[in-house]
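Chains as they are written, first to last, in my numbering: chain A, 31 to 358; chain B, 3 to 318.
Using N, Cα and C, we set each Cβ at its ideal position, and we do this for glycine too.
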Amino acid sequence: MNKRILKILIFALPLPVILASMFIGPSQTASPKALYNFIFSNSLSPELLQSVLFGVRLPRILLTFITGGTLAVSGCSIQAIFRNPLTDPYILGLSAGAAFGAALALAFFFIPVQLSAFLFGLLAVGSSYFMARKNKNVSIISLILSGIVVSGIFTALLTIVQYYTDPFKLQSIVHWTMGNLHNANWSKLQSSIVPVTIGITVLFFYRWRLNVLALGDDEARTAGINPDKDKLIILVAATLASSSVVAVAGVIGLYGLIVPHMVRMMFGPDNAQSIPLNFFFGGMFLLIIDNFSRTISGFELPIGAFTMLLGAPFFIFLLKKTNIGWDK
Amino acid sequence: MGNKTVGSAFSIKVTDFRGKEIGLEKPASRIICLIESGLSGLYMLNAENQVIGVSSAIYNESVAEQYATLDERIKYKKLPAPGNWDFISIENIVALEPDLVIIWASQTEAIQAIEEHGIPVYAVFLKSFDDVYKEIKDFGILTGKNQRADSLINYTKAEIATFSELSKNTSPKSVYFMWSQGLLETAGTTSTVNELIELAGAKNCCTIDQEHVVINKENLIDWNPDLIVMWHNANIDPGDILSLSEIKHINAIKNKQVFEFPSVFLCDLWTLKFPFAVKMLAKWCYPSKFETINLDDEKNKMFIELYGKRGNNLIK
Chain A
31 MNKRILKILI FALPLPVILA SMFIGPSQTA SPKALYNFIF SNSLSPELLQ SVLFGVRLPR
91 ILLTFITGGT LAVSGCSIQA IFRNPLTDPY ILGLSAGAAF GAALALAFFF IPVQLSAFLF
151 GLLAVGSSYF MARKNKNVSI ISLILSGIVV SGIFTALLTI VQYYTDPFKL QSIVHWTMGN
211 LHNANWSKLQ SSIVPVTIGI TVLFFYRWRL NVLALGDDEA RTAGINPDKD KLIILVAATL
271 ASSSVVAVAG VIGLYGLIVP HMVRMMFGPD NAQSIPLNFF FGGMFLLIID NFSRTISGFE
331 LPIGAFTMLL GAPFFIFLLK KTNIGWDK
Chain B
3 MGNKTVGSAF SIKVTDFRGK EIGLEKPASR IICLIESGLS GLYMLNAENQ VIGVSSAIYN
63 ESVAEQYATL DERIKYKKLP APGNWDFISI ENIVALEPDL VIIWASQTEA IQAIEEHGIP
123 VYAVFLKSFD DVYKEIKDFG ILTGKNQRAD SLINYTKAEI ATFSELSKNT SPKSVYFMWS
183 QGLLETAGTT STVNELIELA GAKNCCTIDQ EHVVINKENL IDWNPDLIVM WHNANIDPGD
243 ILSLSEIKHI NAIKNKQVFE FPSVFLCDLW TLKFPFAVKM LAKWCYPSKF ETINLDDEKN
303 KMFIELYGKR GNNLIK
């Protein structure tokens, strides 16, 4: 398909997908047939219909879209500044820190789960950064290595919490780590919207610099950019945005890794274009996946499983169809 | 989980929930019980002196006080806890030299490791109240307390038979059961909770054929239950559920019919205490029909019947 048409589709489709998603769900109260009856024969309780459509579905749809878009944009930015296609927003320990924070709150109820996940996610990334910092410099290799170590520490701490908790709380912790979108509501959306907006706005305005930073530090300095400062700003923005969505949506594994690759395979490596495309494609794709996860059976299946089951075949398809040169 | 039989040399034989036959030459006198509800059964059988190890869950806040009342060794934390429902220490178990280990059937690797040391293992998996009766019957055989086991089972069955006659209902109320993990975690039709609801003369609004299931909020709105019944929850109470705006139009919320079981120990559905939970639920569902039932009296009577003289300490 022509790239221009594809690009138009990616910017134009989210709104129809969001609207269509409003009519997808397990509830018979808000099924297309029930809605038809409501409109033409007014045979349905408007209160229940309103509860399902605007109290349950809409906040979940919007939170899912924002989560998908944020993880994809953060992943794209982090891959660019690390100059490494295998990194994602979780590489510096964000997911492990957030999971530990959530587990701690679920097991001991000392602060709200969402706040705890957010704070420990930030703590993990901050720890990775300061552990890697030496003589006011932060090398990418040191940063990734310290991220792996910090992830390991928080994973170990998570195991200890799981060991001491009871089966009920353990189940809650496991469900949280598999993706937690089924608990979406307006207050969760409200709590994440400000940090996400700040983070995504910063990344949007820095999208041109990502291309220069992706060339390497020396090239960036030649272009008049301070790479250390810019990388720190981008890292903080990506972490702020993604930790906010992880705190409310749980850990959705590998999404921030594979979606930027999908966008790159479709449109090439220009980050200036990729940032907005990642947001719209990432949001829309996660929403489509979530529509499957909430309708395929009578009960909730974790979205974390669906992202890979549905995302991986599409990823492999793109991998086979495009030649981006990673094997050279 | 295939059927396996032991040789005829054993005078005591039972088949556990894996379908495996357990054989003992004499009643077990050194038991490690890694199941909290199972331990409760052993105390009901007056077999506490045969217990030498318990689950670490016994020392958790939610049940520690009651078990401390039943056994001074637990009160002073002198009864070893070599594992729980998930993790076990083989070294500690072997060092205690038990002649029987009682453990959840899902702990397959732990069971294999214990059995490799020649220690008999009775594995438990409870899906219904009949399973609870079987467990106590088998415990009675394994501990040499057969008569006490029969007496406990007869008492509980009689309680249920009397009550189920009273609670029969032609237009049962619908109940949504909420596990302590959160609003959307409920029990399906293949669960002890489903039996509990039906014995109380109500119906489970979740008809999904699973023991534990995570549902969507839309399901809950569609089911529109008359009552929401919470398992004991240390973090949230009925007031929190009543304040959830997204479900404010369902009957249970509109009519303020949200209730919480007050204690894990008192209402444990995996012990012979389950009739008390049945009575409590029935009273919530049909308050006028069961207004003569005094739950405090019922609780006191149950503790004395099930735990004997030590039941008085629980009442206090």
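Query raised in the report: Val2 of chain B touches chain A at which residues, Cβ-Cβ below 8 Å?
Result: In the structure as shown, chain B starts at 3 and stops at 318, and residue 2 of chain B therefore has no counterpart that could be examined.
Report task. Answer with yes or no whether the minimum CB distance from Asn32 of chain A to chain B is below 9 Å. Result -> Taking 9 Å as the CB threshold, Asn32 of chain A stays off the interface with chain B.
Query raised in the report: In this structure, does DSSP put Val226 of chain A in helix, strand or coil?
Result: In this structure, DSSP gives Val226 of chain A a helical state, which the three-state scheme calls helix.
Query raised in the report: With 16 other CB atoms within 10 Å as the buried threshold, where does Leu297 of chain B fall?
Result: Label assigned to Leu297 of chain B: exposed.
**Report entry** Where the alpha helix (DSSP H) through Phe179 of chain B begins and ends
**Finding:** Element bounds for Phe179 of chain B: not the alpha helix (DSSP H) but the beta strand (DSSP E), Ser176 to Met180.
Query raised in the report: From the beta carbon of His119 of chain B, is the nearest beta carbon of chain A less than 9 Å away?
Result: No, His119 of chain B does not count as interfacial toward chain A.
Query raised in the report: For Lys199 of chain A, is the classification buried or exposed, using 16 other Cβ atoms within 10 angstroms of its Cβ as the cut-off for buried?
Result: By the neighbour-count rule (16 or more Cβ atoms within 10 Å), Lys199 of chain A is buried.
Query raised in the report: What number of angstroms, rounded off, separates the C-alpha of Thr17 of chain B from the C-alpha of Tyr124 of chain B?
Result: If you take the alpha carbons of Thr17 of chain B and Tyr124 of chain B, they lie about 8 Å apart.
Query raised in the report: Per DSSP, Asn167 of chain A forms a beta bridge with which residues?
Result: According to DSSP, which records beta bridges pairwise, Asn167 of chain A is partnered with A:Lys164.
Requested in this report: Kindly provide the ranges of any alpha helix (DSSP H) runs that are 4 or more residues long and lie completely inside the region 198–285 of chain A, ordered along the chain.
Outcome: If we require 4 residues or more, the alpha helix (DSSP H) runs fully inside the region 198–285 of chain A come out as 216–235, 237–243, 247–252 and 257–279.
**Report entry** Selection from A:Ile38, A:Val103, A:Gly298 and A:Phe329 that minimises the alpha carbon distance to Gln212 of chain B
**Finding:** Of A:Ile38, A:Val103, A:Gly298 and A:Phe329, the residue nearest in Cα terms is A:Phe329.
Query - Validate contact between the region 59–79 of chain B and the region 129–141 of chain B using beta carbons, cut 8 Å, 3 pairs - result: Verdict: no, contact absent.
Query raised in the report: Which two residues bound the contiguous alpha helix (DSSP H) that contains Glu77 of chain A?
Result: Per DSSP, the unbroken alpha helix (DSSP H) holding Glu77 of chain A starts and ends at Pro76 to Gln80.
Query raised in the report: Around the C-beta of Asn167 of chain A, are 16 or more other C-beta atoms found within 10 angstroms, so that it is buried, or is it exposed?
Result: So Asn167 of chain A counts as exposed.
Query raised in the report: Within 9 Å (strictly less), CB to CB, does Phe89 of chain B reach chain A?
Result: Closer than 9 Å: yes.
**Report entry** Cut-off 8 Å between Cβ atoms - residues of its own chain near Ser79 of chain B, not counting five sequence neighbours on either side
**Finding:** It is worth fixing the name first, because residue 79 of chain B is Lys in this sequence and not Ser. Here the set comprises Tyr61.
Query raised in the report: Excluding five sequence neighbours on each side, which residues of the same chain lie with their C-beta closer than 7 Å to the C-beta of Glu300 of chain B?
Result: For Glu300 of chain B, where only same-chain residues beyond five positions count, the Cβ hits under 7 Å are Phe278 and Lys281.
Query raised in the report: Are the Cβ atoms of Val226 of chain A and Thr100 of chain A separated by less than 9 Å?
Result: Cβ distance < 9 Å, so Val226 of chain A and Thr100 of chain A count as in contact.
Query raised in the report: Between the Cα of Val266 of chain A and the Cα atoms of A:Glu249, A:Val232, A:Ala250 and A:Cys106, which residue gives the shortest distance?
Result: Closest in C-alpha terms to Val266 of chain A, from the list A:Glu249, A:Val232, A:Ala250 and A:Cys106, comes A:Val232.
Query raised in the report: Do you know whose CA, among A:Leu331, A:Leu39 and A:Tyr66, lies nearest Met208 of chain A's CA?
Result: Checked all of A:Leu331, A:Leu39 and A:Tyr66; the closest Cα to Met208 of chain A is A:Leu331.
Query raised in the report: Which chain B residues sit within Cβ distance under 7 Å of Arg324 of chain A?
Result: Going along chain B in sequence order, the residues near Arg324 of chain A (Cβ under 7 Å) are Asn218.
Report task. Assign Trp106 of chain B to one of three DSSP states: helix, strand, or coil. Result -> It is a strand residue.
Query raised in the report: If we cut at 9 Å on Cβ distances, does Ala236 of chain B have a partner in chain A?
Result: Output row for Ala236 of chain B: interface = yes.
Report task. Sort B:Glu38, B:Asn314, B:Tyr157 and B:Glu93 by Cα distance to Trp106 of chain B and report the nearest one. Result -> That would be B:Glu38, whose Cα lies nearest to the Cα of Trp106 of chain B.
Query raised in the report: Is any beta-carbon of chain A found at less than 9 Å from that of Glu67 of chain B?
Result: It does not; no Cβ of chain A falls within 9 Å.
**Report entry** Same chain, Cβ closer than 8 Å to Ile76 of chain B, five either side skipped, listed in chain order
**Finding:** Hits under 8 Å: Val56, Ile60, Tyr61, Ala66, Tyr69 and Ala70.
Query - Residues, ordered as in the chain, of the region 47–67 of chain A that lie near chain B by beta-carbon distance below 9 Å - result: Under the 9 Å Cβ criterion, the region 47–67 of chain A contributes Gly55, Pro56, Ser57, Gln58, Thr59 and Ala60.
Query raised in the report: Comparing the C-beta of Ala125 of chain B with each C-beta of chain A, is any distance below 9 Å?
Result: No, Ala125 of chain B does not count as interfacial toward chain A.
Report task. Go to Val280 of chain B, then tell me how far its beta strand (DSSP E) extends in each direction, as first and last residue. Result -> Segment Phe276 to Cys287 is the alpha helix (DSSP H) holding Val280 of chain B; no beta strand (DSSP E) there.
Report task. Would you verify that the beta carbon of Ala279 of chain B is, or is not, closer than 9 Å to some beta carbon of chain A? Result -> Chain A, which has no Cβ nearer than 9 Å to the Cβ of Ala279 of chain B, makes this no.
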